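**Student:** Heads up: the sequence shown begins at 16 in the working numbering, then just goes up one per residue.
Beta carbons: idealized from backbone N, C-alpha and C, even for Gly.
Because the structure is a prediction, the values reported are computed rather than measured.
Below is a structure I'd like to ask you about.
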Amino acid sequence: MSHSDLASLRGEPSYVWRAGQERRLQMMARWAELRAARVLVAGCGVGMYAQQIRQRYTSQVEAFDIEFDRVGSARHGIPNALVSAGEALPYAASQFDVVLSHEVIEHVADDRRSLEEMLRVTRIGGRILLFCPNRWYPFETHGHYWRGEYHFGNTPLINYLPASWRDKLAPHVRAYTRAGLRRLLRGEAAEIVHHSRIYGGYDNIIARLGAPAVAFRNLLYQFEGTPFDTWALSHFVVIEKR
């Protein structure tokens, strides 16, 4: 199966470590105590974030992914990585201080059930760090289907369509509004302690265009925390278990 075939099912994980990943790791470290923590990386891909957390902050890192081949790659840095679906985690309740879900929940079969499972394995007072796509970003980054054929790459404006139309073009992935994310937590013993919308690292564009692209990315970062982050790439949500 090619990367683009797999992307239609699970998206593409981080394969290299660059400025965009580094920035997000620093966000994680700001909003959760990672040092000496028990950390679970939910949907670890090939293990990039799990390995960085293990190298810098704590040896107590667990990880899982639903794709067998990706878990095989992740085990080079996280030997105990497991193959598992997010809706039925093979971990004891209240086991982890921090659970990281990085651009994963949009791909699972049941996003609410997956979040319930993340809460179950998090200790009281522990935190879930959740990154997921923003519905109002101008591009659907996971490609689209047209007449039964999958087209890999960024597609403009799909997420601005009514949900019934949007979901026919992109049935393989979700995109979330603020309200939609908060509905996932309705009735749960949890509190959102931070919710922001963040722009991407755009490392591929910067590699091609250089300094002008860096300047544009830095300008976008200045929009975070203002009404202009309505069109940011991702949500970053910090959830504390009560």
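Exposed or buried, what is V31 when buried is set at 16 or more other beta-carbons lying within 10 Å of its beta-carbon?
**Tutor:** In the sequence shown, residue 31 corresponds to position 16, counting from 1. It counts as exposed.
**Student:** Straight-line CA distance for I120 to R197?
**Tutor:** Position 105 of the sequence shown holds residue 120. Position 182 of the sequence shown holds residue 197. Near 14 Å, if we compare the C-alpha coordinates of R197 and I120.
**Student:** Taking C-alpha atoms, which residue in R135, Y191, P148 lies nearest to P105?
**Tutor:** For the purposes of this step, residue 105 is taken as residue 90 along the sequence shown, with counting starting at 1. When each option's Cα is compared against that of P105, the closest is R135.
**Student:** Compute the Euclidean distance between the alpha carbons of V56 and R189, then round it to the nearest angstrom.
**Tutor:** Locating residue 56 in the sequence shown gives position 41, where the first residue counts as 1. Locating residue 189 in the sequence shown gives position 174, where the first residue counts as 1. Their backbone Cα atoms lie some 20 Å apart in a straight line.
**Student:** Please state whether the Cβ-Cβ distance between Y72 and R39 is less than 9 Å.
**Tutor:** Within the sequence shown, residue 72 is the residue found at index 57, counting from 1. Within the sequence shown, residue 39 is the residue found at index 24, counting from 1. Taking 9 Å as the Cβ cut-off, Y72 and R39 do not qualify as a contacting pair.
**Student:** Taking all protein chains shown into account, do 16 or more other C-beta atoms lie within 10 angstroms of the C-beta of A185, making it buried, or fewer, making it exposed?
**Tutor:** As a first step, residue 185 must be located in the sequence shown, where it is residue number 170. Buried is the call here.
**Student:** Let me know the secondary structure DSSP gives P171 once reduced to three states.
**Tutor:** Along the sequence shown, one-based indexing puts residue 171 at 156. If DSSP states are grouped into helix, strand and coil, P171 belongs with the strands.
**Student:** Excluding the 5 residues flanking L150 on each side, which residues of the same chain have their C-beta closer than 8 Å to its C-beta?
**Tutor:** The count along the sequence shown starts at 1 and reaches residue 150 at position 135. According to the sequence displayed, residue 150 carries Arg and not Leu. The answer, listed in chain order, is N174, A190, Y191, T192, G195.
**Student:** Could you check whether F83 and G58 sit closer than 9 Å to each other, using their CB atoms as the reference points?
**Tutor:** As a working mapping, residue 58 is identified with position 43 in the sequence shown. As a working mapping, residue 83 is identified with position 68 in the sequence shown. No; because the gap between Cβ atoms is not below 9 Å, this pair is not in contact.
**Student:** Beta carbon of R138, beta carbon of V208: below 9 Å?
**Tutor:** For the purposes of this step, residue 138 is identified with residue 123 of the sequence shown, where counting begins at 1. For the purposes of this step, residue 208 is identified with residue 193 of the sequence shown, where counting begins at 1. Against a cut-off of 9 Å, the Cβ pair of V208 and R138 comes out as no contact.
**Student:** Can you grab the Cα-Cα spacing for the pair E164 / F243, in whole Å?
**Tutor:** Numbered from its first residue, the sequence shown carries residue 164 at position 149. Numbered from its first residue, the sequence shown carries residue 243 at position 228. Taking the straight line from one Cα to the other gives about 34 Å.
**Student:** Have a look at L130 and F146 and give me their C-alpha separation to the nearest angstrom.
**Tutor:** What you label residue 130 is simply residue 115 of the sequence shown in a count that begins at 1. What you label residue 146 is simply residue 131 of the sequence shown in a count that begins at 1. Whole-angstrom Cα-Cα distance: 12 Å.
**Student:** Report all residues from its chain with a CB closer than 7 Å to the CB of H157; omit the five preceding and five following residues, and keep chain order.
**Tutor:** Your numbering for residue 157 matches position 142 in the sequence shown. If we look at H157 and ignore the five residues flanking it on each side, its Cβ neighbours are A22, G26, A185, H187, V188.
**Student:** Tell me whether Y64 sits in a helix, a strand or coil according to DSSP, three-state version.
**Tutor:** Walking along the sequence shown from the start, residue 64 turns up at place 49. Reduced to three states, the DSSP call for Y64 is helix.
**Student:** Measuring straight from C-alpha to C-alpha, what distance separates E239 and A247?
**Tutor:** Here residue 239 refers to the residue found at position 224 when the sequence shown is read from its first residue. Here residue 247 refers to the residue found at position 232 when the sequence shown is read from its first residue. If I take the Cα positions, the gap works out to 8 Å.
**Student:** Would DSSP call R212 helix, strand or coil?
**Tutor:** For the purposes of this step, residue 212 is taken as residue 197 along the sequence shown, with counting starting at 1. Looking at R212 - three-state DSSP - the assignment turns out to be strand.
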